[in-house]
Amino acid sequence: MVVVVIIAAALYMLYLSDHPDVNAADTSARVYVESNDMLKAMIVAGIVGVLAAGGIGWLSARSAIRPLGKALELQRRFVQDASHELRTPLTILDARVQLAEVKVAPGSDAAGLLGQIRQDTAALSATVQELLLAATGESEDTAEPLEVSAAVATTVAGLNDHAAARNITLRTENDGVAHVRIPANSLHRAVLGLIDNALNHTPEGGVITVGTALRGNTIAISVADTGAGITGIDPARIFDRFAHSSTPALGGRRSYGLGLALVREIAQACGGSIAVTATGPSGTTVELLLPVDLAHNAAMRRQKGMI
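Written out as structure tokens, the structure is:
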């Protein structure tokens, strides 16, 4: 900017020198450069410099942001396309499961297994719907008061067979009943993400304990495993996208560092939080805190005559 001012001032002085005042009685030419003229030149040069710098900065910022905008647009389109393409196969799968349920004896093991498959299909369909709405910038405000311990128990029950196949025991501990306002599928995804992460780091013969505990105006959902703990990274950073511990995942699965990041997004969307409360050679405990729906809880207690 200083260079621009100096150049502009010099050009202005050259202009004055090319147009001198000539006195009729005195044939000598003189150049008069007053301080006001110099000040005007500097002001004009400064304004021009600011405008030029602003224009250059705007063009640079635009060129730098353009690739990011394209990347975000590609990501949005991919989520839209993938979500849309998954809807039809899931609908067909659900229809086939219902048809199979009709052909098996009610109350049989096969009927129970088909019922679980249908629940999993419904949960996946709800997740696809959430992704599609998010990609289109819409939202579906269907959060109703949800009893946490029962919802957590349902999610755990759906993972028992998966854990048993790896000789891992899933246990639940409930210390308090509370309702929160969160979409049922969002809570299912959050608890599923926490347990799935624990399964990836728990060796055969290990135990995963999923607990719910009421703490004032919040309810805590904790998932404690008996793995090797978090190493090679600050425990607080495992909730960042693509961040993961240096401890390798077990069970032959590759970790992409997305599961816990998605759980944190779900927690933050409903005013909650997530943190690692303990980690070490004997295992890791991750805790999800959700705000209690105080009005609904009070109404439920009045109905039961507790207040």
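In terms of UniProt numbering, the sequence shown opens at residue 1 and continues consecutively.
Just so it is clear, CB atoms sit at the ideal spot from N, CA and C, and this is done for glycine as well.
- Annotation for Thr155: the continuous alpha helix (DSSP H) segment containing it runs 148 to 165.
- Proximity to Leu146 across Leu290, Ala278, Val50 peaks at Leu290, based on C-alpha coordinates.
- The C-alpha of Leu51 is placed about 57 Å away from the C-alpha of Gly216.
- Beta-bridge analysis with DSSP links Leu170 to Ile208.
- Following the DSSP letters along the chain, one finds Val223 inside the beta strand (DSSP E) bounded by residues 218 to 224.
- Within 10 angstroms of the beta-carbon of Ile238 lie 16 or more other beta-carbons, which makes it buried.
- Remark: C-beta atoms of Asp293 and Val180 approach each other more closely than 7 Å.
- At least 7 Å separates the beta-carbon of Val207 from that of Thr247.
- Gln303 and Val148 have their C-alpha atoms some 19 Å from each other.
- Residue environment analysis places Thr88 among the exposed positions, since fewer than 16 neighbouring C-beta atoms fall within 10 angstroms of its C-beta.
- In this structure, DSSP gives Leu258 a state outside helix and strand, which the three-state scheme calls coil.
- Ala267 sits in a helix when the DSSP states are folded into three classes.
- As the crow flies, the alpha-carbon of Arg77 is around 35 Å from that of Gly232.
- In this structure, DSSP gives Asp175 an extended state, which the three-state scheme calls strand.
- Annotation for Ile274: the continuous beta strand (DSSP E) segment containing it runs 273 to 280.
- If the five residues before and after Gly211 are omitted, its C-beta is found closer than 6 Å to the C-beta atoms of Glu173, Ser222, all from its own chain and listed in chain order.
- The C-beta distance from Gly227 to Gly283 rounds to 6 Å, short enough to fall under 8 Å.
- CA-CA distance, Gln116 to Asn160, rounds to 11 Å.
- Between the alpha carbons of Ala190 and Ala267 lies a distance of about 8 Å.
- When the beta-carbon positions are compared, Glu204 and Asn167 come within less than 7 Å of each other.
- Counting along the chain, Gly283 sits inside the beta strand (DSSP E) bounded by residues 283 to 291.
- When secondary structure is reduced to three states using DSSP, Val48 falls in the helix class.
- In the DSSP secondary-structure assignment, Val180 is bridged to Leu146.
- Non-local C-beta neighbours of Ala198 in its own chain, meaning closer than 6 Å and more than five positions away in sequence, comprise Ile208, Val223, Asp225, ordered along the chain.
- Check the Cα spacing between Ile274 and each of Ala249, Asp240, Lys103, Ser108: the tightest is with Asp240.
- Counting only residues of its own chain and dropping the five nearest sequence neighbours on each side, Leu93 has a CB closer than 7 Å to the CB of Thr121.
- Pairing Val79 with Val48, the inter-Cα distance amounts to about 46 Å.
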